[in-house]
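Residue numbers (the numbering used here): 93 to 348.
C-beta: ideal position from N, C-alpha, C; glycine also.
Data block below; observations after.
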């Protein structure tokens, strides 16, 4: 069932405390898994050894959300919550940082990056919110001596997601990347170059395919879409149609 955003009422603090007892129970379970005797597999894990599972759970949760199956989404979000708490538990055991420190840092960050909610800043659109977010993020990185530019975008992101973030950063600095007419022209130019090159497939360098993909990602971004979501939607539709067209698998005949 599709869910539509509403303006929720604030949850009373005493109700929050009671609800988060369930989160505390997850933490207790991790205590037992990591304790003595505990679980041999869980006891030998490190943040590095489980980071792959964290990524997998995030993808599975995203897939469940996209599917619209609320029961599946609940299961997968639970798995993701567990794995996130598990990794934090590992860091706390190693005395690197604690659960409280993680919560305190993200709380401060969200308050700081929403001055239109928790401060006196006035915004007229979600675009202004995004621009303010990027400015605040850049200022934070500068004060902490961190990279805030294009090089701070994780190279491990899926290519379409990475391209979206790169183009968003570029557009915030160079308005030409936000010009629909100009970017349509660039995409058309790249398509013609690719078309000419593919007349002889052996002479079509992979860079031409990549440049066209990047142009399409940027056009989708300008239109308010993420290319990753667009492609997933089309793939899901294609798979749904293809699965209906496929003949059912033949059952092996049992030996007499």
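Of the residues the options, the one placed nearest residue i, counting alpha carbons only
i	options	result
residue 147	173, 109, 220	173
residue 309	296, 297, 323	323
residue 204	165, 163, 230	230
residue 304	277, 213, 116, 325	277
residue 157	326, 321, 330	321
residue 140	111, 120, 186, 119	186
residue 248	119, 144, 133, 130	144
Neighbourhood of residue i by C-beta distance below 6 Å, restricted to the same chain and skipping five residues each side
i	result
residue 221	215
residue 317	none
residue 306	255
residue 189	183
Host alpha helix (DSSP H) of residue i (start-end)
i	result
residue 258	251-265
residue 307	298-314
residue 283	272-289
residue 330	319-337
Own chain partners of residue i with C-beta closer than 8 Å, once the 5 adjacent residues on each side are dropped
i	result
residue 142	175, 178, 179, 182
residue 225	205
residue 261	226, 241, 242, 245
residue 106	none
residue 348	Low confidence applies here, because residue 348 scores a pLDDT of 44, under 50, leaving its location unreliable; read the following figure in that light. Within the same chain, residue 348 has no close Cβ partners at all.
residue 223	264
residue 207	213, 224, 228
residue 300	282, 285, 286, 289
Sequence-distant residues of its chain with Cβ nearer than 7 Å to residue i (five each side left out)
i	result
residue 138	182
residue 135	126
residue 150	172
residue 169	153
residue 270	263, 314
residue 274	268
residue 166	none
residue 191	180, 184
residue 122	177, 178, 181
residue 128	none
Whole alpha helix (DSSP H) runs in the stretch 192-235 with 4 or more residues, listed along the chain?
-> Whole alpha helix (DSSP H) segments, 4+ residues: 207-210.
Inside the stretch 111-165 only - alpha helix (DSSP H) runs reaching at least 4 residues = Correct list: 113-126, 132-135, 139-159.
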